[in-house]
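**Student:** Let me begin by handing over the structure; questions about it come next.
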Amino acid sequence: GKIRILEITKQILSNYSINKTEQRLALTLRFLASGDCMRSLSYSFRIGHSTVSEIVNETCRIMYEILAPTYLQLPDTNMWKLISNDFSKIWNFPNCVGAGDGKHFAMQCPNNGGSNWYNYKGFHSMVMFAVCHANYCFIAVDIGAYGREGDASIFASSQFLKYLDNGCLGIPGPSK
């Protein structure tokens, strides 16, 4: 996991001003984990504000390209059957292939963001909606919805639902 990410990002990012891949990864992980603003991180890491933004964006893109094919693959028909069996055995919930929920992540309101990002909890947020299998692992994620949106509207406009409606997911019919 971690070593492989480090090796791959080291090859790709070696020509940037911060040439230590470990520092670039540390900066990005600190940003993602803390929610700290980029200006604060620029002071902590002693680099320019715009450089922090470039590093975080580039490193996140590379991490996604590396991790998504392994960790965000849609299940095939056999895997859907296993997921359904797990929901039945673990949770006594037959014919279920996923559980969905949204999570609000607090953020500063973007310029000219208006009330789109303001949620019912009383703060500005971005929503991640995820569908997980019976063992709490992600099957699908939708990130970036406005904080004012509810789970149902996010799901209704998700790519996952479009695939579901079109029959592209390979989900088997109900078992008896």
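Position one of the sequence shown corresponds to residue 1 (UniProt numbering), numbered consecutively onward. For glycine and all other residues, C-beta sits at the position ideal for the given N, C-alpha and C. What you are looking at is a predicted structure, and each value in this text was computed from that prediction instead of being measured.
#1: Check the C-beta distance from residue 177 over to residue 131 and give it rounded, since I have them as a contact under 8 angstroms.
#2: Which residue marks the beginning of the beta strand (DSSP E) containing residue 177, and which one marks its end?
#3: Look up residue 71 in the DSSP assignment and say whether it is helix, strand or coil.
#4: Give me, in chain order, the residues of the same chain whose beta-carbon lies closer than 6 angstroms to that of residue 56; leave out the 5 immediate sequence neighbours on both sides.
#5: Which same chain residues end up closer than 6 angstroms to residue 145 when comparing Cβ atoms and leaving out the 5 residues on each side of it in sequence?
#6: Measuring straight from C-alpha to C-alpha, what distance separates residue 96 and residue 77?
#7: Please tell me whether residue 62 and residue 98 are closer than 7 angstroms, where the distance is taken between their beta carbons.
#8: Would you call the CB atoms of residue 119 and residue 104 closer than 7 angstroms?
#9: Less than 7 angstroms between the beta carbons of residue 174 and residue 81, yes or no?
**Tutor:** Taking the coordinates as given:
#1: Outside the modelled stretch of the chain, which goes from 1 to 176, sits residue 177, for which no answer is possible.
#2: An answer regarding residue 177 cannot be provided, because it is not within the stretch 1 to 176 covered by the chain.
#3: helix
#4: 28, 31
#5: 127, 154
#6: 14 angstroms
#7: no
#8: yes
#9: no
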